[in-house]
Every structure is written in C-alpha cells, then in structure tokens.
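Peer 1: Numbering (this note's numbering), first residue to last: 36 to 110. All residues carry an ideal CB built from backbone N, CA and C; glycine is no exception. I'd like to ask you about the structure that follows.
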Amino acid sequence: MTFEKVSVIVLQASHRVFKKSALVQIAGRADRKGEFARAKVVFVTSEVTTAIKAAISEIKGNNQQALLEGLIDAM
C-alpha cells in the first residue's frame, strides 16, 4: 500500500519477527509519494538489535545514494 504524508512507527522493533529486510521495507512506507519531505521513521524498542542497526545503516545508505542522484533534497 502507498500512503501520502505518512510517518512510520514500528512498535517492539526488537521482536524477532523484525529482520533487517522487514524493518527496511516498513520504513519504506514513509512518504511513498514524495510530497511530505519530512516523514519520520521511528523504531520503538527496549533493545537495539543487530537487525535494527543494519536496517538503520541500509536506510541511511539508501538516502545518501538518493541524495547524490538528486532524488531527494538534503534534510
């Protein structure tokens, strides 16, 4: 599904069901149409897991690449 002007919160992000790929995919739901330039993604957790660290790293890398390609503006 695609939603406009949406930020994303993942509750219990440290649960074992949330692998890196799932967290990245869920985060990708934030502002899919590109009109809400300040969408936020928040992982709520009691423990920062390897999956969360890897997802954040991948998301930052994806955003950096999109910035270099002119697909997004600097925040």
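1. From residue 77 to residue 47, what distance separates their C-alpha atoms?
2. Please classify residue 66: is it buried, with 16 or more other beta-carbons within 10 angstroms of its beta-carbon, or exposed?
3. On the three-state DSSP scale, how would you describe residue 77?
4. What residue from 105, 49 and 108 has the CA that sits closest to residue 91's CA?
5. Confirm, please, whether the CB-CB distance from residue 42 to residue 75 is below 7 Å.
Peer 2: This is what the structure gives:
1. 11 Å
2. buried
3. strand
4. 49
5. yes
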